[in-house]
Amino acid sequence: MSIIDNHGKPKYLHRMDGADKASIKLAQLKAETSARFPLASPTSGEHSPAHPAKPYASLPGLTLLEGGLPIMNKNGMHIGGIGISGATPELDAQFTRVALEELGGESTL
Numbered sequence: 014m015s016i017i018d019n020h021g022k023p024k025y026l027h028r029m030d031g032a033d034k035a036s037i038k039l040a041q042l043k044a045e046t047s048a049r050f051p052l053a054s055p056t057s058g059e060h061s062p063a064h065p066a067k068p069y070a071s072l073p074g075l076t077l078l079e080g081g082l083p084i085m086n087k088n089g090m091h092i093g094g095i096g097i098s099g100a101t102p103e104l105d106a107q108f109t110r111v112a113l114e115e116l117g118g119e120s121t122l
């Protein structure tokens with residue numbers, strides 16, 4: 014699990030024993046994607062430079078994989094992103110929603 018603030022600074026990283034190195038990096042990319050934009054990581058794929066109305070999909074340092082959510086404070090302000098990786102995309106997304114709820118954060122998604 015990775016948490017990144019809306020300035021792109023890492024705030025938290027937790028790796029389970031035996032975690033694949035790729036899943037660690039993917040969790041960070043998912044968190045960074047949702048920290049940069051108040052979008053779930055796969056939603057950012059709907060915004061691609063190849064299409065004028067979709068500017069985000071090919072920006073460096075972003076991923077379109079499920080498992081990233083924006084973190085909003087109680088006033089609805091976007092304050093960062095959380096990303097989880099290591100399971101199927103569907104489970105990563107589910108675990109991310111649960112982790113965000115357990116941490117007391119909110120997401121508008």
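Under my numbering, the residues of the sequence shown are numbered 14 to 122, in order.
We treat Cβ as the ideally placed atom computed from N, Cα and C, and that holds for glycine.
Here the structure is a predicted model, which means the values were calculated and not measured.
By alpha-carbon positions, which one of 89, 76, 51 and 103 ends up nearest to residue 40?
For the purposes of this step, residue 40 is taken as residue 27 along the sequence shown, with counting starting at 1. For residue 40, the nearest C-alpha among the options comes from 76.
If residue 95 sits next to residue 109, beta carbons under 8 angstroms apart, how far is it from one beta carbon to the other, in whole angstroms?
The count along the sequence shown starts at 1 and reaches residue 95 at position 82. The count along the sequence shown starts at 1 and reaches residue 109 at position 96. Right, the Cβ-Cβ distance comes to about 6 angstroms (below 8 angstroms), so this counts as a contact.
Alpha carbon to alpha carbon, how far is residue 31 from residue 104? Give it in angstroms, no decimals.
On the sequence shown, position 91 is the one that residue 104 refers to. On the sequence shown, position 18 is the one that residue 31 refers to. Computed Cα separation, rounded: 18 angstroms.
Give the straight-line distance between the Cα atoms of residue 28 and residue 21, rounded to the nearest whole angstrom.
Looking up residue 28 in the sequence shown gives position 15. Looking up residue 21 in the sequence shown gives position 8. Cα-Cα distance, rounded: 19 angstroms.
Identify whether residue 5 lies in helix, strand or coil by the three-state DSSP scheme.
With the chain covering 14 to 122 only, the question about residue 5 has no answer from this structure.
Ends of the beta strand (DSSP E) at residue 15?
What you label residue 15 is simply residue 2 of the sequence shown in a count that begins at 1. 15-18 is the extent of the beta strand (DSSP E) around residue 15.
My guess is that residue 113 and residue 78 are in contact by the Cβ rule of under 8 angstroms, so how many angstroms apart are they, rounded?
Position 100 of the sequence shown, counted from the first residue, corresponds to residue 113. Position 65 of the sequence shown, counted from the first residue, corresponds to residue 78. No, residue 113 and residue 78 are not in contact; Cβ-Cβ is about 17 angstroms, not under 8 angstroms.
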